[in-house]
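Note sheet for the following structure.
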Amino acid sequence: MTWMRWRPAMERALYAAEGGFYRRPEGPAGHFRTSVHASPRYAQAVGRLLLEVDEALGRPEEIALIDVGAGRGELVGRLARLLPGRLRAYGVELAARPDGLPPEVRWRETVPEGAVGLLFANEWLDNVPLDLAERDDAGVLRYVEVDGSGAERLGGPLEPADAAWVARWWPQGERFEIGRPRDEAWAAAVGALERGLAVAVDYAHRRQDRPPFGTLTGFRAGREVAPVPDGGCDLTAHVALDAVAVPGFHSLWTTQRDALRALGVSGARPPLALASSDPAGYLRALAGAGEGAELTASAGLGGFGWLLQAVRMPIPQSLAGLPGWQTLEA
Ligand SMILES: C[S@@+](CC[C@H](N)C(=O)[O-])C[C@H]1O[C@@H](n2cnc3c(N)ncnc32)[C@H](O)[C@@H]1O
202 MTWMRWRPAM
212 ERALYAAEGG
222 FYRRPEGPAG
232 HFRTSVHASP
242 RYAQAVGRLL
252 LEVDEALGRP
262 EEIALIDVGA
272 GRGELVGRLA
282 RLLPGRLRAY
292 GVELAARPDG
302 LPPEVRWRET
312 VPEGAVGLLF
322 ANEWLDNVPL
332 DLAERDDAGV
342 LRYVEVDGSG
352 AERLGGPLEP
362 ADAAWVARWW
372 PQGERFEIGR
382 PRDEAWAAAV
392 GALERGLAVA
402 VDYAHRRQDR
412 PPFGTLTGFR
422 AGREVAPVPD
432 GGCDLTAHVA
442 LDAVAVPGFH
452 SLWTTQRDAL
462 RALGVSGARP
472 PLALASSDPA
482 GYLRALAGAG
492 EGAELTASAG
502 LGGFGWLLQA
512 VRMPIPQSLA
522 GLPGWQTLEA
């Protein structure tokens with residue numbers, strides 16, 4: 202591979218029809234653990250959110266659940282039989298439809314237009330390819346170019362739209378991850394909803410706490426590795442979730458810890474008295490508590506950002522009152 206900017210290099214390494222990392226048969230779960238893989242309690246919480254969205258929308262004749270960046274359909278597959286007769290469950294994913302998915306799930310490459318319901322994207326945006334930039338000795342921002350071995354050099358100066366994005370969203374730092382393609386991808390997904398709630402969940406940072414050297418890294422078989430764009434590893438960079446928020450909608454931001462607690466998931470242990478009155482129930486509850494603790498741990502999955510955008514509907518009740526929620530600036 203010759204020198205190229207990171208965005209096309211990531212695009213090819215992750216999604217090329219031949220040899221793209223995400224086209225591999227083992228799927229994301231073969232390389233890292235998302236909330237979806239960590240516990241069925243995650244699907245349970247998203248299911249509860251879907252029921253609340255349905256209620257807030259006045260129980261429409263058809264209600265959509267759109268899982269964007271659906272991986273191998275683990276989340277949407279678990280929820281596909283909720284609200285029988287009314288639910289339209291979609292897995293939006295570039296990789297092929299996995300075997301064994303319930304037939305109710307509609308598998309496609311693009312977000313359906315005009316749906317009414319819940320659009321949920323867990324760890325999608327961190328895999329949307331993006332360009333990186335650094336300053337040269339004269340202080341001019343230039344694209345970082347990469348070759349097939351992962352070696353880097355500075356390329357041409359930033360195009361005006363990217364320079365404007367950095368000036369607005371990432372004014373301080375040594376290395377800049379230009380989130381514009383994520384903003385555009387999210388805006389298109391939200392814009393496709395007729396009415397509903399759009400939720401993006403990811404490793405996130407805000408303007409006031411951008412990591413000065415960026416976050417681009419690789420994962421392979423459960424290990425963090427150097428980000429080499431050769432199709433052999435995941436390539437991921439945290440998401441500037443404040444920049445992603447589409448102006449004009451009621452937008453709320455919190456941590457996964459708070460969101461899941463509001464949706465009934467916690468890491469609290471069952472009372473010890475249950476161990477003698479209902480031993481089997483106690484053991485089940487104990488396992489559930491362990492999974493809840495993993496999903497809500499502040500230093501891990503619980504520290505993820507949740508961005509909610511309400512499209513022509515109110516924010517569902519259990520989340521609307523959360524402390525720490527804030528409306529993001531337009
Ligand atoms: C980190 S995985 C997350 C999978 C799943 N949501 C989970 O939480 O386990 C990201 C997924 O997003 C998919 N993806 C990336 N860009 C996409 C796009 N533009 N359209 C559909 N899927 C995409 C990738 O193929 C990959 O399966």
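To convert, take the position in the sequence shown, counting from 1, and add 201; that gives this note's numbering.
Every residue gets a Cβ at the ideal spot worked out from N, C-alpha and C, and that includes glycine.
Separation of residue j from residue i, as counted between CA atoms
i, j, result
"residue 386", "residue 318", "19 Å"
"residue 511", "residue 476", "43 Å"
"residue 237", "residue 227", "15 Å"
"residue 380", "residue 285", "38 Å"
"residue 255", "residue 315", "16 Å"
"residue 531", "residue 443", "With a pLDDT of only 48 at residue 531, under the threshold of 50, the placement of this residue in the model should not be trusted; the figure read from the coordinates follows. Using only the alpha carbons, I get a separation of about 10 Å."
"residue 565", "residue 468", "Absent from the model: residue 565. The displayed extent of the chain is 202 to 531, so no value can be given."
"residue 327", "residue 440", "6 Å"
"residue 438", "residue 448", "23 Å"
"residue 230", "residue 276", "12 Å"
"residue 340", "residue 429", "27 Å"
"residue 335", "residue 376", "5 Å"
"residue 350", "residue 203", "10 Å"
"residue 523", "residue 205", "44 Å"
"residue 413", "residue 374", "4 Å"
"residue 391", "residue 266", "13 Å"
"residue 264", "residue 515", "16 Å"
"residue 259", "residue 252", "11 Å"
"residue 457", "residue 395", "26 Å"
"residue 473", "residue 483", "8 Å"
"residue 215", "residue 294", "13 Å"
"residue 241", "residue 257", "24 Å"
"residue 518", "residue 463", "10 Å"
"residue 521", "residue 338", "48 Å"
"residue 289", "residue 279", "13 Å"
"residue 368", "residue 384", "15 Å"
"residue 497", "residue 478", "28 Å"
"residue 235", "residue 249", "19 Å"
"residue 361", "residue 513", "33 Å"
"residue 357", "residue 219", "29 Å"
"residue 393", "residue 311", "10 Å"
"residue 261", "residue 366", "39 Å"
"residue 363", "residue 485", "51 Å"
"residue 509", "residue 499", "19 Å"
"residue 301", "residue 307", "13 Å"
"residue 305", "residue 272", "17 Å"
"residue 299", "residue 459", "32 Å"
Cβ-Cβ distance between residue i and residue j below 8 Å
i, j, result
"residue 243", "residue 268", "no"
"residue 313", "residue 282", "no"
"residue 426", "residue 210", "no"
"residue 378", "residue 417", "yes"
"residue 432", "residue 239", "no"
"residue 233", "residue 423", "yes"
"residue 213", "residue 382", "no"
"residue 403", "residue 419", "no"
"residue 371", "residue 309", "no"
"residue 504", "residue 495", "no"
"residue 453", "residue 470", "no"
"residue 355", "residue 345", "yes"
"residue 322", "residue 400", "yes"
"residue 461", "residue 246", "yes"
"residue 466", "residue 491", "no"
"residue 325", "residue 270", "yes"
"residue 388", "residue 506", "no"
"residue 224", "residue 296", "yes"
"residue 415", "residue 320", "no"
Identified DSSP bridge partners for residue i
i, result
"residue 452", "510"
"residue 437", "418"
"residue 332", "379"
"residue 426", "419"
"residue 466", "Residue 466 pairs with nothing; no bridge assigned."
"residue 369", "Answer is none; residue 369 lacks a bridge partner."
"residue 403", "506"
"residue 205", "347"
"residue 397", "318 and 512"
"residue 354", "346"
Distance cut-off 7 Å: residue i Cβ against heavy atoms of ligand 2
i, result
"residue 329", "Questions concerning ligand 2 fall outside what the structure shown contains, since the ligands it does hold are ligand 1."
Output the residue ranges of the alpha helix (DSSP H) runs that lie fully inside the stretch 221-291 and measure 4 residues or longer, sorted by chain position. 236-239, 241-257 and 275-280
Counting only runs of 4+ residues fully inside the stretch 471-501, write out the alpha helix (DSSP H) ranges in chain order. Listed in chain order, they are 474-478 and 480-497.
Return the chain-ordered ranges of every beta strand (DSSP E) run that is complete within the stretch 292-349 and spans a minimum of 3 residues. 306-309, 316-323, 332-336 and 342-347
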